[in-house]
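In the UniProt record's numbering, the protein residues as written are 1 to 157. Note that CB positions come from ideal geometry on N, CA and C, so glycine has one too. On a predicted model such as this, the values are computed, not experimentally measured, just so you know.
Here it is, written out as structure tokens:
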């Protein structure tokens, strides 16, 4: 059976919320600077709004009719992240651990859906950011031919 990527709908809400919690735990649990709780209870309205908002693309990857990953991309306002107006921003990308070793097919398919969405919204650029400790996503972004644009430097005081 092959991986199917489709637009998320409201019936995917619980799966996406669970993956979003797991993403937060995974990434912030490895962040030396994060001192907050690793218990995340995201408001379901946030995801509902992403599903229905035309300035946001939310896609899920299914394998054997079970959601295995998601990507969220949105049209962002111009800010210090990127000095150009016409871009889409990948907010979240998560693939369940049991589906990650599928030669990147799941993340590749999700990324392709996000890029196609950005093109359909007439964006000139697509951007993403990653924690420095997340070497896997950096490799994935390099595979998709992203270029390093800025480096955020942090020092605890």
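So, are the CB atoms of residue i and residue j less than 8 angstroms apart?
i           : j           : result
residue 108 : residue 93  : no
residue 67  : residue 89  : no
residue 3   : residue 65  : no
residue 9   : residue 51  : yes
residue 152 : residue 5   : no
residue 13  : residue 54  : no
residue 7   : residue 59  : yes
residue 57  : residue 117 : yes
My guess is that residue i and residue j are in contact by the Cβ rule of under 8 angstroms, so how many angstroms apart are they, rounded?
i           : j          : result
residue 112 : residue 75 : 18 angstroms between Cβ atoms; not a contact.
residue 47  : residue 16 : 5 angstroms
Helix, strand or coil for residue i per DSSP?
i           : result
residue 75  : strand
residue 58  : strand
residue 21  : helix
residue 6   : strand
residue 63  : strand
residue 108 : helix
residue 120 : helix
residue 12  : helix
residue 49  : helix
residue 130 : coil
residue 142 : helix
residue 137 : helix
residue 156 : coil
Beta-carbon within less than 7 angstroms of residue i's beta-carbon, same chain only, minus the 5 sequence neighbours each way: which residues are those?
i           : result
residue 115 : 126
residue 138 : 130
residue 23  : 92 and 94
Once you ignore the five residues that flank residue i on each side, which residues in its own chain have a CB closer than 8 angstroms to its CB?
i           : result
residue 141 : 128 and 130
residue 95  : 61, 68, 69, 106, 107 and 110
Determine which residues share a DSSP beta bridge with residue i and list them.
i           : result
residue 172 : Beyond the ends of the chain as shown, which are 1 and 157, falls residue 172; an answer cannot be given.
residue 95  : 69
Closer than 6 angstroms by C-beta to residue i: which residues in its own chain qualify, once you throw out the five before and the five after it? Chain order, please.
i           : result
residue 123 : 86, 87 and 88
residue 105 : 3
residue 144 : 111
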